[in-house]
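Chemist: My structure is below; once you've seen it, I'll send some questions.
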Amino acid sequence: KNEVEQSPQNLTAQEGEFITINCSYSVGISALHWLQQHPGGGIVSLFMLSSGKKKHGRLIATINIQEKHSSLHITASHPRDSAVYICAVINSGGSNYKLTFGKGTLLTVNP
Amino acid sequence: DGGITQSPKYLFRKEGQNVTLSCEQNLNHDAMYWYRQDPGQGLRLIYYSQIVNDFQKGDIAEGYSVSREKKESFPLTVTSAQKNPTAFYLCASSINPHYEQYFGPGTRLTVT
Numbered sequence: 001k002n003e004v005e006q007s008p009q010n011l012t013a014q015e016g017e018f019i020t021i022n023c024s025y026s027v028g029i030s031a032l033h034w035l036q037q038h039p040g041g042g043i044v045s046l047f048m049l050s051s052g053k054k055k056h057g058r059l060i061a062t063i064n065i066q067e068k069h070s071s072l073h074i075t076a077s078h079p080r081d082s083a084v085y086i087c088a089v090i091n092s093g094g095s096n097y098k099l100t101f102g103k104g105t106l107l108t109v110n111p
Numbered sequence: 112d113g114g115i116t117q118s119p120k121y122l123f124r125k126e127g128q129n130v131t132l133s134c135e136q137n138l139n140h141d142a143m144y145w146y147r148q149d150p151g152q153g154l155r156l157i158y159y160s161q162i163v164n165d166f167q168k169g170d171i172a173e174g175y176s177v178s179r180e181k182k183e184s185f186p187l188t189v190t191s192a193q194k195n196p197t198a199f200y201l202c203a204s205s206i207n208p209h210y211e212q213y214f215g216p217g218t219r220l221t222v223t
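Chains as they are written, first to last, in the numbering used here: chain A, 1 to 111; chain B, 112 to 223.
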């Protein structure tokens, strides 16, 4: 079983819809990242959070440490939001603080 | 402009040849990382370095080597010992391991 599980694996939406991508993890963490990867391959960091909620534009990320769960929401989705969204956690055990990644959620937003 | 550069974007090699992938950053970050991405799998850590002249193996270091002689540079060599080298390779850096990582554009390596 992967330490980081994302759902759904694939998501297709119509422009304007509210999108939710989920991430569950099985280890103790010090922080969680949400990343965006466009078809060209480059990755952009969207959020890093260790508690509560963060908002940037139409994107909202929440985390519940007790439930080991995080969600990424996109409001008023747009075709340019089409990308792979990746959840990654920093394991709080050990001293190397490396990231463990989920397999990603492929989001397609149709006009 | 600050950022991370990787070159080349596409690289083709014959089996049995070593190949070195470049990663340079001008963000003054101490920590640098190499990841490998394969279809249907999450990114996997190959090597990371928290400071100049120091680096540690990640989860899939076999068949790879790195050096960190300068703060700005963290080249990755894919050796002939790597059994399945064809993949997308991403370099990243961060101020330190506790902070968010900034990713380069990646190098797609094809070995035939």
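All residues carry an ideal CB built from backbone N, CA and C; glycine is no exception.
#1: Could you tell me the alpha carbon to alpha carbon distance between GLY151(B) and HIS140(B), rounded to whole angstroms?
#2: Can you confirm whether PHE123(B), when its beta carbon is compared against all beta carbons of chain A, has any partner nearer than 8 Å?
#3: Taking C-alpha atoms, which residue in SER77(A), TYR25(A), GLU5(A) lies nearest to GLU67(A)?
#4: What are the complete beta strand (DSSP E) segments, minimum 3 residues, inside the region 128-198 of chain B?
#5: What residues in the region 17-41 of chain A have a beta carbon less than 9 Å from any beta carbon of chain B?
#6: Under 8 Å, Cβ to Cβ, is there at least one residue of chain B near GLY102(A)?
#7: Could you tell me the distance, in whole angstroms, from the CA atom of ALA31(A) to the CA atom of ASN91(A)?
#8: Measure the CB-CB distance between LEU225(B) and TYR144(B) and report whether it falls below 8 Å.
#9: Please classify THR116(B) as buried or exposed, where buried requires at least 16 other C-beta atoms within 10 Å of its C-beta.
#10: How do the region 128-142 of chain B and the region 207-215 of chain B stand: do at least 3 beta-carbon pairs fall below 8 Å, yes or no?
#11: With 8 Å as the threshold, decide whether the Cβ of PHE185(B) is near any Cβ in chain A.
#12: For ALA88(A) versus HIS33(A), is the C-beta distance shorter than 8 Å?
#13: When you compare the CB positions of THR105(A) and GLN14(A), do they come within less than 8 Å of one another, or not?
#14: Consult DSSP for ARG58(A) and reduce its assignment to one of helix, strand or coil.
#15: For chain B, check one thing: does any of its Cβ atoms lie closer than 8 Å to the Cβ of ILE74(A)?
#16: Starting from HIS33(A), trace the beta strand (DSSP E) in both directions and tell me its first and last residue.
#17: Under a CB-based cut-off of 8 Å, is LEU99(A) close to chain B?
#18: Mind reading off the beta-carbon distance from LYS98(A) to GLY174(B)? Whole number of angstroms is fine, and I expect it under 8 Å.
#19: Tell me which same chain residues have a C-beta within less than 7 Å of the C-beta of HIS78(A), skipping the five on either side of it?
Modeler: According to the structure data:
#1: Taken atom to atom, the span from the alpha-carbon of GLY151(B) to that of HIS140(B) is near 30 Å.
#2: Chain A, which has no Cβ nearer than 8 Å to the Cβ of PHE123(B), makes this no.
#3: With respect to the C-alpha of GLU67(A), the residue from SER77(A), TYR25(A), GLU5(A) having the closest C-alpha is TYR25(A).
#4: For the region 128-198 of chain B, whole beta strand (DSSP E) runs of length 3 or above, ordered along the chain, are 130-136, 142-148, 155-162, 165-168, 175-177, 187-189.
#5: Against chain B - using a Cβ distance shorter than 9 Å - the residues of the region 17-41 of chain A are SER30, ALA31, HIS33, LEU35, GLN37, GLY40, GLY41.
#6: For GLY102(A), a Cβ of chain B is located within less than 8 Å of the residue's own Cβ.
#7: Cα to Cα, ALA31(A) sits roughly 8 Å from ASN91(A).
#8: Lying outside 112 to 223, the shown extent of chain B, residue 225(B) is not represented and no answer is given.
#9: Burial check for THR116(B): the Cβ neighbour count within 10 Å stays below 16, so the residue is exposed.
#10: Yes, they touch.
#11: Cβ-Cβ to chain A under 8 Å: no for PHE185(B).
#12: Yes, these two residues count as a Cβ contact at 8 Å.
#13: No, the pair does not count as a contact, with Cβ atoms beyond the cut-off.
#14: Note: ARG58(A) maps to coil in three-state DSSP.
#15: With 8 Å as the cut-off, ILE74(A) does not count as an interface residue toward chain B.
#16: Counting along the chain, the unbroken beta strand (DSSP E) around HIS33(A) starts and ends at 29-37.
#17: Residue contact check for LEU99(A) against chain B: a CB pair falls below 8 Å.
#18: Your pair LYS98(A) and GLY174(B) does not check out as a contact, with CB atoms roughly 19 Å apart and the cut at 8 Å.
#19: These residues qualify, in order along the chain: GLU15, VAL109.
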